[in-house]
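**Student:**
There are 2 protein chains.
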Amino acid sequence: MSDDWATTRFSAFAQLSDVRLAELKELVGPIRHFAKGEVIRDEGDAAQAMYLLCSGWTASSMVVAGGARQIIKVHMPGDLLGLPSLALERAADTLSALTSVTLLTVEPRALGRLFEVSPHLTALLFLISQEERVMLMDRLASLGRTDATARLTALVLQLHARVLRNNPQAGATFEVPLTQENLADLTGLTEVHVNRTIKKLRASKVLRWSRRWITIVDEAALRELAGLPERKLATDLSWIPADQ
Amino acid sequence: MSDDWATTRFSAFAQLSDVRLAELKELVGPIRHFAKGEVIRDEGDAAQAMYLLCSGWTASSMVVAGGARQIIKVHMPGDLLGLPSLALERAADTLSALTSVTLLTVEPRALGRLFEVSPHLTALLFLISQEERVMLMDRLASLGRTDATARLTALVLQLHARVLRNNPQAGATFEVPLTQENLADLTGLTEVHVNRTIKKLRASKVLRWSRRWITIVDEAALRELAGLPERKLATDLSWIPADQ
DNA sequence: CGTGCACTTGACAGCTGTCAATGCCGGTGG
DNA sequence: CCACCGGCATTGACAGCTGTCAAGTGCACG
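So the protein lines, in turn, are chains A and B.
Quick note on numbering: the first sequence equals residues 253 to 496 in my numbering.
Quick note on numbering: the second sequence equals residues 253 to 496 in my numbering.
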């Protein structure tokens with residue numbers, strides 16, 4: 253993992269020069285640490301704050317009337333947290349640590365500066381935000397129109413793709429530090445039903461899943477079950493400003 | 253409605269000068285027309301295209317394996333369509349006309365130019381994208397963790413807020429050109445169950461709803477039912493680049 | 001070796017989906 | 001002007017996926 257958390261998301265679209273990389277690192281604030289379970293930022297908080305995740309996983313979640321919790325997405329190292337609520341007076345989501353976590357705080361002003369000094373990085377950050385929208389769209393279609401099995405497999409595939417991006421040498425086996433309650437909050441199901449569904453998936457031999465480790469055995473079958481196509485990032489970026 | 257479709261979304265955050273407005277209008281292509289029901293852009297299409305909606309409503313939808321359709325969001329005049337799929341090789345969503353529609357095509361290169369010439373407009377467009385993410389997050393929490401009544405009321409409130417933004421003089425009564433099948437595809441329910449739920453809402457007197465016209469009778473009660481708080485856009489934009 | 005958190009499992013209830021038929025309304029053609 | 005027609009709304013009966021409740025199991029940790 254070393255020092256590449258800052259560029260993971262950017263380099264999915266384009267390689268960054270050393271100059272650009274230095275520019276990025278100038279924009280961040282002090283490093284902070286959170287223990288598993290701690291809340292980083294609560295929904296309703298007024299602060300316009302962003303965080304660059306260095307290590308560990310975090311969750312963005314919302315609580316609806318009645319007390320039920322929906323996890324909007326889980327974040328992995330390299331993800332920029334808190335962007336959506338930048339558009340709001342008060343934060344819409346709660347950010348909490350799913351594991352032990354380290355992150356950097358990023359001031360909104362730093363973002364403003366980025367817009368001024370680098371149209372190239374701006375375009376990449378813009379694309380990252382659009383990719384986030386696509387991931388949300390896929391999750392929405394999954395929750396709205398598919399059953400428990402499909403929701404869970406779609407989630408597993410999405411998580412796997414993202415783990416692979418951070419760890420290209422990782423294979424079909426990867427660690428998912430989520431409890432079944434977390435998975436329930438992600439998929440809009442209950443803990444009990446998540447358990448039942450995992451049991452069925454295990455029985456059907458399309459994946460192995462014990463403790464927090466998942467092995468994808470039959471990816472084609474999983475993708476069939478998930479009901480959503482694989483998403484491939486754009487490669488034709490000729491329209492974005494050059495990295496001058 | 254006249255000529256303000258181009259600025260609706262931007263002016264939610266900040267007023268645009270005439271110079272900025274002229275800049276925006278230079279970026280767009282020819283105007284196009286679609287009849288109700290027509291497909292503007294299909295999921296899977298390779299084209300990286302964007303559209304600025306001038307009049308009418310459109311839907312962004314996805315079809316999951318099994319044929320079920322999920323409407324990701326409906327667009328109203330002033331909305332910029334096709335942004336998320338800009339990050340992908342192939343479009344993730346289908347854009348279709350819910351009513352008779354006119355729109356302008358926008359080339360990706362125009363966006364690149366915007367990034368170069370105006371950090372100010374770039375920041376506003378960035379904020380608009382973040383606001384879209386928040387709306388998706390709210391929908392996700394709604395579909396994942398609330399029942400049919402809450403989903404429908406949350407949708408009505410969201411649509412009302414957006415209609416009000418386009419038509420500030422509109423009051424509690426507004427037109428929603430959606431069939432109950434459309435509402436079902438939006439809420440992840442079935443046409444039949446949407447009908448049952450509307451019937452209950454009517455009976456409880458919190459709103460009136462006949463044909464395609466909705467009147468919000470008891471907004472507080474509706475918000476209670478929806479289970480999600482009202483979202484207020486950020487007013488402190490001191491961090492974004494000045495409109496020089 | 002106890003304690004706690006997470007995982008499992010079973011029985012039962014309920015919200016929502018499915019299937020199928022009927023009603024309503026606006027538009028069209030004679 | 002009126003009958004026909006197609007799309008959309010409405011309703012009823014029934015099934016099924018998922019939630020609820022409750023109890024038991026197993027592994028990690030002090």
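We put the beta carbon where it would ideally sit given N, CA and C, even for glycine.
This one's a predicted model, so the numbers in the text were calculated from it and none came from an experiment.
With a floor of 4 residues, list each alpha helix (DSSP H) that falls wholly inside the region 343 to 431 of chain A, ordered by position along the chain.
**Tutor:** Runs of the alpha helix (DSSP H) inside the region 343 to 431 of chain A: 360 to 369, 371 to 397 and 400 to 418.
**Student:** Just how far apart, CA to CA, sit B/D488 and B/G319?
**Tutor:** As a working mapping, residue 488 of chain B is identified with position 236 in the second sequence. As a working mapping, residue 319 of chain B is identified with position 67 in the second sequence. Each residue's Cα considered, the two are about 44 Å apart.
**Student:** Closer than 6 Å by C-beta to B/L363: which residues in its own chain qualify, once you throw out the five before and the five after it? Chain order, please.
**Tutor:** What you label residue 363 of chain B is simply residue 111 of the second sequence in a count that begins at 1. Result list for B/L363: empty, nothing under 6 Å.
**Student:** Which residue from B/L441, B/S462, B/V316 and B/R261 puts its Cα closest to that of B/C306?
**Tutor:** By 1-based counting over the second sequence, the position of residue 306 of chain B is 54. Checked all of B/L441, B/S462, B/V316 and B/R261; the closest Cα to B/C306 is B/R261.
**Student:** Round the Cβ separation of B/W309 and B/H285 to the nearest angstrom and send it over; I've been treating them as touching at under 8 Å.
**Tutor:** Walking along the second sequence from the start, residue 309 of chain B turns up at place 57. Walking along the second sequence from the start, residue 285 of chain B turns up at place 33. Actually they are not in contact, since the Cβ atoms of B/W309 and B/H285 sit about 14 Å apart, beyond 8 Å.
**Student:** Report the residue from A/D399, A/S313, A/L373 and A/A349 whose alpha carbon sits nearest the alpha carbon of A/P336.
**Tutor:** Looking up residue 336 of chain A in the first sequence gives position 84. Here the closest residue by C-alpha is A/S313.
**Student:** Quick one: what does DSSP say A/T310 is sitting in, helix, strand or coil?
**Tutor:** Here residue 310 of chain A corresponds to residue number 58 of the first sequence, with the count starting at 1. If DSSP states are grouped into helix, strand and coil, A/T310 belongs with the strands.
**Student:** Closest to B/W491 by C-alpha separation, out of A/V358, A/D331 and A/A344, would be which residue?
**Tutor:** Mapped onto the second sequence, residue 491 of chain B falls at position 239. For the residues A/V358, A/D331 and A/A344, the minimum Cα distance to B/W491 belongs to A/V358.
**Student:** Among the candidates B/H372, B/K457, B/V428 and B/V469, whose CA atom is the shortest distance from the CA of B/R414?
**Tutor:** In the second sequence, residue 414 of chain B corresponds to position 162, counting from 1. Measuring from the Cα of B/R414, the nearest candidate turns out to be B/V428.
**Student:** Exposed or buried, what is B/Q267 when buried is set at 16 or more other beta-carbons lying within 10 Å of its beta-carbon?
**Tutor:** Taking the second sequence and counting its residues from 1, one reaches residue 267 of chain B at position 15. B/Q267 should be labelled exposed.
**Student:** Taking contact to mean 3 or more Cβ pairs, one atom from each stretch, closer than 8 Å, check whether the region 339 to 347 of chain A and the region 380 to 398 of chain A are in contact.
**Tutor:** Output reads no: the region 380 to 398 of chain A does not touch the region 339 to 347 of chain A.
**Student:** Does the beta carbon of B/K452 sit closer than 8 Å to a beta carbon anywhere in chain A?
**Tutor:** Residue numbering aside, residue 452 of chain B sits at position 200 when the second sequence is read from its first letter. Output row for B/K452: interface = no.
**Student:** Mind pulling the chain B residues with CB within less than 9 Å of A/K229?
**Tutor:** Within the shown structure, residues of chain A are numbered from 253 to 496, placing residue 229 of chain A beyond reach of any answer.
**Student:** Is the region 364 to 383 of chain A touching the region 408 to 427 of chain A, taking contact as three or more C-beta pairs under 8 Å?
**Tutor:** In short, these stretches do not touch, since the Cβ pair count stays below three.
**Student:** Flag A/I292 as yes if its beta-carbon sits less than 8 Å from any beta-carbon of chain B, otherwise no.
**Tutor:** The count along the first sequence starts at 1 and reaches residue 292 of chain A at position 40. Cβ-Cβ to chain B under 8 Å: no for A/I292.
**Student:** Select from A/L355, A/A317, A/W465 and A/Y303 the residue whose C-alpha is nearest the C-alpha of B/A473.
**Tutor:** Residue numbering aside, residue 473 of chain B sits at position 221 when the second sequence is read from its first letter. Nearest C-alpha to B/A473: A/A317.
**Student:** State the CB to CB distance for the pair A/N418 and A/P481, rounded to an integer number of angstroms; the pair is presumed to be in contact (CB under 8 Å).
**Tutor:** Taking the first sequence and counting its residues from 1, the one referred to as residue 418 of chain A is at position 166. Taking the first sequence and counting its residues from 1, the one referred to as residue 481 of chain A is at position 229. Not quite, the Cβ-Cβ distance comes to about 22 Å (not below 8 Å), so this is no contact.
**Student:** B/T346 and B/V291 - do their beta-carbons sit closer together than 8 Å?
**Tutor:** Against the second sequence, residue 291 of chain B aligns to sequence position 39. Against the second sequence, residue 346 of chain B aligns to sequence position 94. Yes, they are a contact pair.
**Student:** Determine the direct distance from the alpha carbon of A/P493 to that of A/F265, and round the result to whole angstroms.
**Tutor:** Working through the first sequence from its first residue, we reach residue 265 of chain A at position 13. Working through the first sequence from its first residue, we reach residue 493 of chain A at position 241. Those two C-alpha atoms are separated by around 13 Å.
**Student:** According to the neighbour-count rule (16 or more other Cβ atoms, all chains shown, within 10 Å of its Cβ), is B/V271 buried or exposed?
**Tutor:** To locate residue 271 of chain B, count along the second sequence from 1; it is residue 19. The residue is exposed, with fewer than 16 neighbouring Cβ atoms inside 10 Å.
**Student:** Output, in chain order, the set of chain B residues within a Cβ distance shorter than 7 Å of A/D345.
**Tutor:** Your numbering for residue 345 of chain A matches position 93 in the first sequence. Going along chain B in sequence order, the residues near A/D345 (Cβ under 7 Å) are M389.
**Student:** Do B/Q322 and A/G289 count as a contact pair if the criterion is CB distance below 8 Å?
**Tutor:** Start at 1 with the first residue of the first sequence, and residue 289 of chain A comes out as number 37. Start at 1 with the first residue of the second sequence, and residue 322 of chain B comes out as number 70. Cβ atoms of A/G289 and B/Q322: not closer than 8 Å.
**Student:** Hey, B/T467 and B/A424 are a contact pair by Cβ (cut 8 Å); roughly how many whole angstroms apart?
**Tutor:** Within the second sequence, the letter at position 215 stands for residue 467 of chain B. Within the second sequence, the letter at position 172 stands for residue 424 of chain B. 6 Å between Cβ atoms; contact.
**Student:** Apply the 10 Å Cβ neighbour rule to A/M420 and answer buried if 16 or more other Cβ atoms are within range, or exposed otherwise.
**Tutor:** Locating residue 420 of chain A in the first sequence gives position 168, counting from the first residue. Reading the sequence as shown, one finds Pro at residue 420 of chain A and not Met. With fewer than 16 other Cβ atoms within 10 Å, it is exposed.
**Student:** Sorted by chain position, which residues of the same chain lie with C-beta nearer than 6 Å to A/F367's C-beta, five sequence neighbours on each side aside?
**Tutor:** The count along the first sequence starts at 1 and reaches residue 367 of chain A at position 115. T374, listed in sequence order.
**Student:** Could you check the C-alpha separation between A/E295 and A/R365 for me, to the nearest Å?
**Tutor:** Residue numbering aside, residue 295 of chain A sits at position 43 when the first sequence is read from its first letter. Residue numbering aside, residue 365 of chain A sits at position 113 when the first sequence is read from its first letter. Their Cα atoms are separated by approximately 26 Å.
**Student:** If you compare alpha carbons, which of A/V315, A/G334 and A/D297 is closest to A/L304?
**Tutor:** Looking up residue 304 of chain A in the first sequence gives position 52. Checking every option, the nearest Cα to that of A/L304 belongs to A/G334.
**Student:** Since A/L441 contacts A/A400 with CB under 8 Å, what's their CB separation in whole angstroms?
**Tutor:** To locate residue 441 of chain A, count along the first sequence from 1; it is residue 189. To locate residue 400 of chain A, count along the first sequence from 1; it is residue 148. Going by Cβ atoms, the distance from A/L441 to A/A400 rounds to 5 Å, so yes, they are a contact pair.
**Student:** Do the CB positions of A/P371 and A/M302 come within less than 8 Å of each other?
**Tutor:** Start at 1 with the first residue of the first sequence, and residue 371 of chain A comes out as number 119. Start at 1 with the first residue of the first sequence, and residue 302 of chain A comes out as number 50. Cβ atoms of A/P371 and A/M302: not closer than 8 Å.
**Student:** On the premise that A/E384 lies in contact with A/L485, defined as a C-beta separation below 8 Å, what is that separation, rounded to the nearest angstrom?
**Tutor:** Counting from 1 along the first sequence, the entry for residue 485 of chain A is found at position 233. Counting from 1 along the first sequence, the entry for residue 384 of chain A is found at position 132. That pair is no contact at about 12 Å.
**Student:** Measure the Cβ-Cβ separation of A/V446 and A/A455 and say whether it is below 8 Å.
**Tutor:** Numbered from its first residue, the first sequence carries residue 446 of chain A at position 194. Numbered from its first residue, the first sequence carries residue 455 of chain A at position 203. Taking 8 Å as the Cβ cut-off, A/V446 and A/A455 do not qualify as a contacting pair.
**Student:** Can you tell me whether A/I324 is buried or exposed, with buried defined as 16 or more other CB within 10 angstroms of its CB?
**Tutor:** In the first sequence, residue 324 of chain A corresponds to position 72, counting from 1. Answer is buried; the Cβ neighbour count reaches 16.
**Student:** Quick check: A/G281 and A/T398, are their CB atoms within less than 8 Å of each other?
**Tutor:** Here residue 281 of chain A corresponds to residue number 29 of the first sequence, with the count starting at 1. Here residue 398 of chain A corresponds to residue number 146 of the first sequence, with the count starting at 1. Taking 8 Å as the Cβ cut-off, A/G281 and A/T398 do not qualify as a contacting pair.
**Student:** Skipping 5 residues on each side, what residues in its chain have a beta carbon closer than 6 Å to that of B/S254?
**Tutor:** Here residue 254 of chain B corresponds to residue number 2 of the second sequence, with the count starting at 1. Reliability fails at B/S254, whose pLDDT of 45 lies under 50, so the model's placement of it is uncertain and the value that follows must be treated cautiously. Hits under 6 Å: none found.
**Student:** Out of B/H412, B/E278 and B/L438, which one is the CA nearest neighbour of B/V315?
**Tutor:** Looking up residue 315 of chain B in the second sequence gives position 63. Per the Cα distances, B/L438.
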